[in-house]
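Asks:
Numbering (the working numbering), first residue to last: 6 to 384.
Below is the structure:
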């Protein structure tokens, strides 16, 4: 969406600073509004919130595209509104897996498939945007994508759920009365989100280093293919390695996976060509989806079950924040140190994330006071 917004503002005749402002304000609205919207889901149930945001979100973006222009006061306002009204479908879906009466191995498999689909979307979403732009304009593409998001939220709102799977009304109010931080009042949840943010910093660093490396070797046209190797390796790692993971407790598995992620992050340092970089990314990215799935499983255990939607939202924001820090740091490091210097920084931060994950194993092993019932049959 942020890429699409930049393209829309430029298409409307706006400057890059104007495009950057609109995209940044959308992100600010998302960062400030998402936890509050998610808290509404936990307090009032999913239906009203998902229906409301599922309608408001595409309307705000349609207004930004078709009823405003760069320099008009309404454009940045609508960007903030759209970011704030982003439907909390992902966070609710993740909290739903925790609330459903599943065995631990079934729940972990659900989180693994969600992590796998996320990797597929990392590859497919930009391709879908490009395909839409071939048949129309950036404005049409953004309108269609936002409408699809709204339809998905409405579909989730209207899907029948088993009894007890919806958040209990007033639950979040009891879990965190009068607290702006909500689930982050828990030391375990705070430690987990900190580790997640640290794990995301190398992703941001490498996102900038990969195209710079490919460009440095005179093969700019293969940048998309090299990026695809990164996502494909992670997706294959989820399918190949995922089923064997649930035999180890999540709080013990998490630091090991982060260490494997750190080792994989160091492989691009040995690349001397775009082909070797693609291979290094394909092999080194194998633990990424597994780390993500384990993070989601840990959120479902360390967070209070009465505020799970908000907890998953904070976890997502931690990842977004870490990625943004990595992108900014990569930009500052690129000129003096080059792509290999940025790859080295990513490797160093990933090792620091592994150390942090091992350090907080004890905290992550603590379950929240209010837990989700889990059937024991078949264990």
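Beta carbons are placed, not taken as given, at the ideal position from N, Cα and C, and that holds for glycine.
What does the alpha-carbon distance come out to for the pair residue 219 and residue 55?
Replies: Approximately 42 Å, taken between the alpha carbons.
Asks: Kindly indicate the opening and closing residues of the alpha helix (DSSP H) around residue 201.
Replies: 192-221
Asks: For residue 258, count neighbouring C-beta atoms within 10 Å of its own C-beta (all shown protein chains included) and say buried if the count is 16 or more, exposed if not.
Replies: buried
Asks: Taking 9 Å as the cut-off, decide whether the C-beta atoms of residue 59 and residue 171 are in contact.
Replies: no
Asks: Check whether chain B comes within 9 Å of residue 27, counting only Cβ atoms and requiring the distance to be less than that.
Replies: Here chain B cannot be found, since the structure has a single protein chain.
Asks: Specify the secondary structure class of residue 6 as computed by DSSP and reduced to three states.
Replies: coil
Asks: In chain order, what residues of the same chain lie with their CB nearer than 6 Å to the CB of residue 42, ignoring the 5 residues before and after it?
Replies: 93
Asks: Can you tell me which of the three DSSP states residue 185 falls into?
Replies: Under the three-state reduction of DSSP, residue 185 is assigned to coil, being neither helix nor strand.
Asks: If I'm right that residue 347 touches residue 213 with Cβ under 8 Å, what's the distance once you round it to whole angstroms?
Replies: 6 Å
Asks: Report the rounded CA-to-CA distance for residue 376 versus residue 310, giving the unit in angstroms.
Replies: Annotation note: pLDDT 43 at residue 376 (below 50); position unreliable, coordinate value reported separately. Going by the C-alpha atoms only, they are around 6 Å apart.
Asks: Nearest by alpha-carbon distance to residue 89: which of 362, 64, 32, 26 is it?
Replies: 32
Asks: May I ask you to report which of helix, strand or coil DSSP gives residue 252?
Replies: helix
Asks: So what's residue 365 in DSSP terms, helix, strand or just coil?
Replies: coil
Asks: Can you confirm whether the region 94-107 touches the region 160-169 when touching is taken to mean that 3 or more C-beta pairs between the two stretches lie within less than 8 Å?
Replies: With the cut-off at 8 Å, the region 160-169 and the region 94-107 touch.
Asks: Do residue 235 and residue 290 have their beta-carbon atoms positioned less than 9 Å apart in this structure?
Replies: Against a cut-off of 9 Å, the Cβ pair of residue 235 and residue 290 comes out as a contact.
Asks: Taking 8 Å as the cut-off, does the CB of residue 27 come closer than this to any heavy atom belonging to the ligand FAD?
Replies: No copy of the ligand FAD appears in this structure; indeed no ligand is present at all.
Asks: Please classify residue 140 as buried or exposed, where buried requires at least 16 other C-beta atoms within 10 Å of its C-beta.
Replies: exposed
Asks: Assuming residue 279 and residue 231 form a contact by the criterion Cβ under 8 Å, report the distance between their Cβ atoms to the nearest whole angstrom.
Replies: 6 Å
Asks: Inspect the beta-carbon positions of residue 308 and residue 316 and report whether they are closer than 9 Å.
Replies: Going by C-beta atoms, residue 308 is nearer than 9 Å to residue 316.
Asks: With distance defined between alpha-carbon atoms, name the residue in 340, 47, 306, 261 nearest to residue 217.
Replies: 340
Asks: Indicate the three-state DSSP secondary structure (helix, strand or coil) for residue 73 in the structure shown.
Replies: coil
Asks: Leaving out five residues on either side along the sequence, give the residues of the same chain with a beta carbon under 8 Å from the beta carbon of residue 358.
Replies: 200, 203, 204, 206, 207, 263, 266, 267
Asks: Please specify which runs of the alpha helix (DSSP H), each continuous and at least 4 residues long, are wholly inside the region 254-307, giving them in chain order.
Replies: 255-271, 279-289, 293-307
Asks: Could you tell me whether the Cβ atoms of residue 304 and residue 194 are closer together than 9 Å?
Replies: A contact, by the Cβ cut-off of 9 Å.
Asks: Please name the residue, chosen from 324, 269, 45, that lies closest to residue 288 on a Cα-to-Cα basis.
Replies: 269
Asks: Leaving out the 5 sequence neighbours to the left and right, which residues in its chain are closer than 6 Å to residue 18 when beta-carbon positions are compared?
Replies: none
Asks: Output the distance between the C-alpha atoms of residue 66 and residue 16, rounded to the nearest integer angstrom.
Replies: 15 Å
Asks: Taking just the CA atoms, how far does residue 130 sit from residue 318?
Replies: Taking the straight line joining both Cα atoms gives about 21 Å.
Asks: What runs of the alpha helix (DSSP H), each 4 residues or longer, lie entirely inside the region 92-160?
Replies: 94-104, 109-140
Asks: How big is the Cα-Cα spacing for residue 121 and residue 237?
Replies: Going by the C-alpha atoms only, they are around 10 Å apart.
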